[in-house]
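Chains A and U are the protein sequences, given in the same order.
Residue numbers for the first sequence follow our numbering, beginning at 1 and rising by one.
Residue numbers for the second sequence follow our numbering, beginning at 1001 and rising by one.
Beta carbons are placed, not taken as given, at the ideal position from N, Cα and C, and that holds for glycine.
Shown next, in structure tokens, is the structure this report addresses.
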Amino acid sequence: EAQVTQNPRYLITVTGKKLTVTCSQNMNHEYMSWYRQDPGLGLRQIYYSMNVEVTDKGDVPEGYKVSRKEKRNFPLILESPSPNQTSLYFCATHSGTSSYNEQFFGPGTRLTVL
Amino acid sequence: DQQVKQNSPSLSVQEGRISILNCDYTNSMFDYFLWYKKYPAEGPTFLISISSIKDKNEDGRFTVFLNKSAKHLSLHIVPSQPGDSAVYFCAAGLSGYSTLTFGKGTMLLVSP
Chain A
1 EAQVTQNPRY LITVTGKKLT VTCSQNMNHE YMSWYRQDPG LGLRQIYYSM NVEVTDKGDV
61 PEGYKVSRKE KRNFPLILES PSPNQTSLYF CATHSGTSSY NEQFFGPGTR LTVL
Chain U
1001 DQQVKQNSPS LSVQEGRISI LNCDYTNSMF DYFLWYKKYP AEGPTFLISI SSIKDKNEDG
1061 RFTVFLNKSA KHLSLHIVPS QPGDSAVYFC AAGLSGYSTL TFGKGTMLLV SP
């Protein structure tokens, strides 16, 4: 079954404690990205990756890091989380071959930073 | 500056009636548009798309209309069903670029 998985699904942490949210896909997609969803702000892109070892900033990259060492994984790293990073995070992928770039989203990770 | 706007945060419709969700965009370079549906505790799922060279695309109960001159698109759901209750996101993209720009979403509630 084609899927995008994220772990953890829920996380409560404290300010400054480094954390990583993992994203894995089994569709052999080239393109992966991270979004955050906040009330009244919709989906905003944090980072994206066109391929292995190729990453670029989205609209709201401050406070986040990513890496793409292998095609299937695209972890999101918060080196020093702050309360304003409390949000719902989604990983998304697409093949890069579709005309419309319809993206497949993971189930989401709800992060609370105290 | 918000390039994709969904000005209605919510919409309530009765079962069996038509639901019309609207989306406006400011960047005339966008050449394809997509609608996503999102249920609580799940990720968004792709619903329907349209190229800028078309003005209509239909898939079952879902139809997307594009008015390029007005930089406006709309999603019509006919007939609406309670299972359609979800948040709907409009998104726009540029050919050759893999990123999408999303609107803020509209929460649709279809009551029996």
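- request: Taking residue 31/A and residue 48/A to be in contact with their CB atoms under 8 angstroms, please state how far apart those CB atoms are, rounded to whole angstroms.
  value: Indexing the first sequence from 1 puts residue 31/A at position 31. Indexing the first sequence from 1 puts residue 48/A at position 48. Yes, they are in contact, since the Cβ atoms of residue 31/A and residue 48/A sit about 7 angstroms apart, within 8 angstroms.
message: Just list the residues that DSSP pairs residue 15/A with in beta bridges.
response: Position 15 of the first sequence, counted from the first residue, corresponds to residue 15/A. Residue 15/A is not bridged to any residue.
- request: Would you check if the distance between the CB atom of residue 88/A and the CB atom of residue 34/A is smaller than 7 angstroms?
  value: The sequence position of residue 88/A within the first sequence is 88, counting from 1. The sequence position of residue 34/A within the first sequence is 34, counting from 1. For residue 88/A and residue 34/A, no; Cβs fall outside 7 angstroms.
query: Mind pulling the chain U residues with CB within less than 9 angstroms of residue 89/A?
result: Reading the first sequence from its first residue, position 89 is the one you call residue 89/A. Under the 9 angstroms cutoff, chain U gives no residues; its nearest Cβ is about 10 angstroms from residue 89/A.
field: Amino acids of chain U, ordered along the chain, whose beta-carbon sits closer than 9 angstroms to that of residue 25/A
entry: Within the first sequence, residue 25/A is the residue found at index 25, counting from 1. Within chain U, no residue comes near residue 25/A; the closest Cβ sits about 12 angstroms away, beyond 9 angstroms.
message: Is residue 64/A close to chain U? Criterion is C-beta to C-beta, closer than 7 angstroms.
response: The residue you call residue 64/A lines up with position 64 of the first sequence. Taking Cβ atoms only, chain U never reaches closer than 7 angstroms to residue 64/A, which makes this a no.
message: Looking only at its chain, what residues have a beta carbon closer than 8 angstroms to the beta carbon of residue 15/A, apart from the 5 residues adjacent to it on each side?
response: Here residue 15/A refers to the residue found at position 15 of the first sequence. If we look at residue 15/A and ignore the five residues flanking it on each side, its Cβ neighbours are 80, 81, 82, 83, 113 and 114.
query: Should residue 1112/U go down as buried or exposed, given a rule of 16 or more other Cβ atoms within 10 Å for buried?
result: Counted from its first residue, the second sequence places residue 1112/U at position 112. With fewer than 16 other Cβ atoms within 10 Å, it is exposed.
task: Could you please tell me which residues of the region 73-85 of chain A, in chain order, have their CB closer than 7 angstroms to any CB of chain U?
output: none
task: Determine, using beta carbons only, whether residue 1083/U comes closer than 7 angstroms to chain A.
output: Translated into the one-based positions of the second sequence, residue 1083/U becomes position 83. Chain A, which has no Cβ nearer than 7 angstroms to the Cβ of residue 1083/U, makes this no.
- request: Report buried or exposed for residue 1012/U, applying the criterion of at least 16 other Cβ atoms within 10 angstroms of its Cβ.
  value: Taking the first residue of the second sequence as 1, we reach residue 1012/U at position 12. Classification for residue 1012/U: exposed.
- prompt: How would you list, in chain order, the residues of chain A whose beta-carbon sits under 8 angstroms from the beta-carbon of residue 1042/U?
  reply: In the second sequence, counting from the first residue as 1, residue 1042/U sits at position 42. Residues of chain A passing the Cβ test: 107 and 108.
query: Which of helix, strand or coil does DSSP assign to residue 1014/U?
result: On the second sequence, position 14 is the one that residue 1014/U refers to. Strand, per DSSP.
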